[in-house]
Structures are given as C-alpha cells and as structure tokens.
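Colleague:
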Amino acid sequence: MFDIIAMPSSIQNQRCIRNFVPTNTLVTIFVKIYGSLDDGQKVNMTITDIHGNEYSRSKEVIGEKRVIFTTSDESTIIVCLNNLLVYGPNNTIHFRSIELDISKGTDALNWEDIEVQRHLRPIEVELLKIEGISREIANEMEYLQVREQKMRDINESTNDRVKFYGLGFMISLVILGVCEIIYIRRFFQRKHLI
260 MFDIIAMPSS IQNQRCIRNF VPTNTLVTIF VKIYGSLDDG QKVNMTITDI
310 HGNEYSRSKE VIGEKRVIFT TSDESTIIVC LNNLLVYGPN NTIHFRSIEL
360 DISKGTDALN WEDIEVQRHL RPIEVELLKI EGISREIANE MEYLQVREQK
410 MRDINESTND RVKFYGLGFM ISLVILGVCE IIYIRRFFQR KHLI
C-alpha cells in the first residue's frame with residue numbers, strides 16, 4: 260500500500276512498478292484505490308511491458324479493479340499509476356492511497372472458483388496448487404539452463420577473442436622488438452661504434 264500525491268496535469272507525476280514475467284504466464288493485477296469521485300482527483304492506470312505491448316489502460320479508476328491477461332513472451336510488466344489534480348486548492352496536499360497486488364502463474368489463479376467448479380475437496384485444491392508450483396519451478400529451471408548455455412557461449416567467444424588479441428599483441432611486440440634491434444645495430448654500424 261502506498262500513497263500517490265495529486266499533481267496538475269502540467270507536472271509529470273507517475274509511479275511505476277515493474278515485475279518480470281516469463282512467457283505464456285497468467286498475470287492478475289489487483290488494484291484498490293481509496294477515495295471518492297468528487298474529491299478533485301483522477302487516477303489513471305496503464306499496464307504495459309518493455310516491448311511496448313499495452314495490456315490495459317484505465318482512466319478515473321476508483322475502488323477495486325482487476326486486470327487478467329496472459330503474456331505472449333518473457334518481459335517486464337510495468338504498472339504505472341498517475342494521480343491528476345482536476346480541481347481543488349493547490350495549497351493543500353491531495354493524495355490517494357493505493358493497494359496493488361501483482362500475481363503471476365499459479366498464484367494468479369482464483370482457487371476458490373476452481374474448487375467450486377470442479378467440486379474438489381480442499382486437499383485436492385492444495386495438490387493442484389503444488390502441481391502448478393512444481394511445473395513453474397521446472398519451467399524456471401529450464402529457462403535458467405537455456406540462459407546459462409547462452410551466457411556460456413558468449414563467455415567462450417569472448418575468451419577466444421581476448422586470447423587471439425593477446426596473441427596478436429605479443430607477436431607484434433616481438434616483431435617490433437626485432438625491428439628495433441636491427442635498426443639500432445645498423446645505426447651503430449654506420450656510426451662505427453661497433
């Protein structure tokens with residue numbers, strides 16, 4: 260729960276919360292905004308990701324709002340809230356209290372509805388939750404293995420580049436050293452010092 264101060268539209272007053280979400284993951288965003296419609300404030304909410312996909316845009320949100328969507332690819336979800344001061348004295352501080360909950364994966368499911376629809380006992384619901392969580396853990400481990408392989412490949416290619424750069428640098432130093440010795444030897448021979 261946090262407060263967001265109301266500002267005139269000329270002042271940028273946006274509070275954003277970011278959360279990483281894997282591919283094909285159910286996301287539930289629950290927001291509860293305390294206040295009333297006639298207090299001179301207007302809270303707007305946008306839900307996007309870092310790729311520019313817009314999942315929801317709500318104007319004048321008051322009370323409870325729930326947004327449910329499934330991500331198309333792995334991304335960071337950005338929930339931005341903006342409190343505009345429509346009217347009211349500027350010498351007093353206007354604010355709205357906001358409660359925000361971002362649930363993803365198994366946590367985003369409404370287990371009470373599933374229990375009623377499938378006529379399940381509470382222990383069966385708990386088993387379904389555990390199954391979903393274990394599936395998420397397995398998917399996360401698979402994602403981490405793929406990412407580790409990609410990072411290992413990058414590391415090995417970087418090591419090869421550094422190795423060849425260092426080898427080339429050493430060869431060029433040896434060649435320059437030999438050239439310098441030959442030049443100094445000829446110089447001293449011309450001056451009849453050797």
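Sequential numbering of the sequence shown, starting at 260, is according to the numbering used here. We treat Cβ as the ideally placed atom computed from N, Cα and C, and that holds for glycine. Bear in mind that the values here come from a model prediction, so they are computed numbers and not experimental data.
(1) With a threshold of 8 Å on Cβ separation, who are the neighbours of residue 264 within its own chain once the five nearest residues in sequence on each side are excluded?
(2) If you count every other CB in all the chains shown that lies within 10 Å of the CB of residue 372, and 16 or more means buried, which is it?
(3) Could you check which residue in 293, 324 and 278 has the C-alpha nearest to that of residue 308?
(4) Residue 261 bridges to which residues according to DSSP?
(5) Apply the 10 Å Cβ neighbour rule to residue 284 and answer buried if 16 or more other Cβ atoms are within range, or exposed otherwise.
(6) Assuming contact is defined by CB atoms lying nearer than 8 Å, are residue 315 and residue 303 in contact in what I supplied?
(7) Closest to residue 296 by CA distance: which of 417, 280 and 321 is it?
(8) Whole angstroms is fine: what's the gap from residue 325's alpha carbon to residue 421's?
(9) What three-state label does DSSP hand residue 271 in the structure shown?
(10) Spatial neighbours of residue 209 within its chain, please: CB distance less than 8 Å, with the 5 preceding and 5 following residues excluded, ordered by chain position.
(11) Taking just the CA atoms, how far does residue 451 sit from residue 424?
(12) Which residues in the same chain as residue 379 place their Cβ atom closer than 8 Å to its Cβ, once the five residues preceding and following it in sequence are excluded?
(13) According to DSSP, what are the bridge partners of residue 339?
(14) Between residue 345 and residue 294, is the Cβ-Cβ spacing less than 8 Å?
(15) Ignore the nearest five residues each way along the sequence and tell me which others in residue 362's own chain have a CB closer than 6 Å to its CB.
(16) To the nearest angstrom, how far is the alpha carbon of residue 384 from that of residue 413?
(17) Per DSSP, which residues does residue 300 bridge with? Please list them.
(18) Within this structure, are the beta carbons of residue 332 and residue 282 separated by less than 8 Å?
(19) Have a look at residue 397 and residue 275 and give me their C-alpha separation to the nearest angstrom.
(20) Flag this pair as yes or no: are the beta carbons of residue 306 and residue 338 separated by less than 8 Å?
Modeller: Reading from the atomic positions:
(1) Walking along the sequence shown from the start, residue 264 turns up at place 5. The residues are 272, 342, 352, 353 and 354.
(2) The residue you call residue 372 lines up with position 113 of the sequence shown. That one is exposed.
(3) What you label residue 308 is simply residue 49 of the sequence shown in a count that begins at 1. The shortest C-alpha separation from residue 308 is found at 278.
(4) Here residue 261 is taken as the residue at index 2 of the sequence shown, counted from 1. Residue 261 pairs with 357.
(5) By one-based count along the sequence shown, residue 284 stands at place 25. Classification for residue 284: buried.
(6) Here residue 315 corresponds to residue number 56 of the sequence shown, with the count starting at 1. Here residue 303 corresponds to residue number 44 of the sequence shown, with the count starting at 1. Their beta carbons are not under 8 Å apart, which means residue 315 does not touch residue 303 by this criterion.
(7) Here residue 296 corresponds to residue number 37 of the sequence shown, with the count starting at 1. Closest option to residue 296, Cα to Cα, is 321.
(8) The residue labelled residue 325 in the question sits at position 66 within the sequence shown. The residue labelled residue 421 in the question sits at position 162 within the sequence shown. Each residue's Cα considered, the two are about 52 Å apart.
(9) In the sequence shown, counting from the first residue as 1, residue 271 sits at position 12. Coil, per DSSP.
(10) This structure leaves residue 209 out entirely; the chain is present only between 260 and 453.
(11) In the sequence shown, the residue the question calls residue 424 occupies position 165. In the sequence shown, the residue the question calls residue 451 occupies position 192. Computed Cα separation, rounded: 40 Å.
(12) Within the sequence shown, numbered from 1, the residue matching residue 379 stands at position 120. The answer, listed in chain order, is 373 and 387.
(13) Taking the sequence shown and counting its residues from 1, the one referred to as residue 339 is at position 80. In the DSSP output, where bridge partners are listed per residue, residue 339 has 275 and 305.
(14) The residue you call residue 345 lines up with position 86 of the sequence shown. The residue you call residue 294 lines up with position 35 of the sequence shown. Contact flag unset, no.
(15) For this step, residue 362 is matched to residue 103 along the sequence shown. So the qualifying residues of the chain are 287.
(16) As a working mapping, residue 384 is identified with position 125 in the sequence shown. As a working mapping, residue 413 is identified with position 154 in the sequence shown. Approximately 43 Å, taken between the alpha carbons.
(17) On the sequence shown, position 41 is the one that residue 300 refers to. Answer is 344.
(18) Counted from its first residue, the sequence shown places residue 332 at position 73. Counted from its first residue, the sequence shown places residue 282 at position 23. Yes, the Cβ-Cβ distance between residue 332 and residue 282 is below 8 Å.
(19) Within the sequence shown, numbered from 1, the residue matching residue 397 stands at position 138. Within the sequence shown, numbered from 1, the residue matching residue 275 stands at position 16. Whole-angstrom Cα-Cα distance: 30 Å.
(20) Along the sequence shown, read from residue 1 onward, the residue named residue 306 stands at position 47. Along the sequence shown, read from residue 1 onward, the residue named residue 338 stands at position 79. Yes.
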